[in-house]
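Colleague: Numbering (this note's numbering), first residue to last: 1 to 108. Note that CB positions come from ideal geometry on N, CA and C, so glycine has one too.
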């Protein structure tokens with residue numbers, strides 16, 4: 001997470017949130033639930049990343065994995081729209097790869 005700048009975080013967050021439709025603007029109960037779930041997930045992942053970045057370095061060990069996974073999920077959200085002209089390619093940087101053998105541990 002240390003190599004991701006605050007500017008990159010802000011740009012990726014703005015990009016992702018701008019792509020998720022407002023629940024009031026979509027028709028149909030299922031579409032509204034989907035939009036609400038996407039918003040909830042995005043806001044929780046954003047909160048995890050920002051919380052980790054706001055901690056002092058001596059307190060980040062307990063939040064590193066959650067923050068990294070949250071950032072990678074936000075990057076995955078953004079990649080859905082990678083062909084969009086405003087896609088922030090330099091901000092959509094994954095922090096690490098996770099192995100399939102041990103998905104909770106960064107790959108070597």
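Among 93, 75, 95, 85, whose alpha-carbon lies nearest the alpha-carbon of residue 16?
Modeller: If we check each option's Cα against that of residue 16, 75 comes out closest.
Colleague: Using CA atoms only, rank isn't needed, just tell me which of 8, 82, 31 is closest to residue 46.
Modeller: That would be 8, whose Cα lies nearest to the Cα of residue 46.
Colleague: Given 8 angstroms as the limit, is there contact between the stretch 70 to 84 and the stretch 42 to 57, that is, 3 or more CB pairs closer than that?
Modeller: At 8 angstroms Cβ cutoff, the stretches touch.
Colleague: Just the C-alpha distance for residue 53 and residue 41, rounded to the nearest angstrom, thanks.
Modeller: Roughly 19 angstroms separates the two Cα atoms.
Colleague: Once DSSP output is grouped into helix, strand and coil, what is the label at residue 39?
Modeller: Residue 39 falls in the helix class under three-state DSSP.
Colleague: Tell me the residue span of the alpha helix (DSSP H) that contains residue 68.
Modeller: Taken as a continuous stretch (DSSP letters only), the alpha helix (DSSP H) holding residue 68 covers 64 to 79.
Colleague: Should residue 56 be labelled buried (16 or more other beta-carbon atoms within 10 Å of its own) or exposed?
Modeller: Residue 56 comes out exposed.
Colleague: With DSSP collapsed to three states, give me the class of residue 34.
Modeller: Residue 34: helix per DSSP, three-state reduction.
Colleague: Alpha carbon to alpha carbon, how far is residue 39 from residue 19?
Modeller: Their Cα atoms are separated by approximately 10 angstroms.
Colleague: Rounded to whole angstroms, what is the Cα-Cα separation between residue 85 and residue 14?
Modeller: About 14 angstroms.
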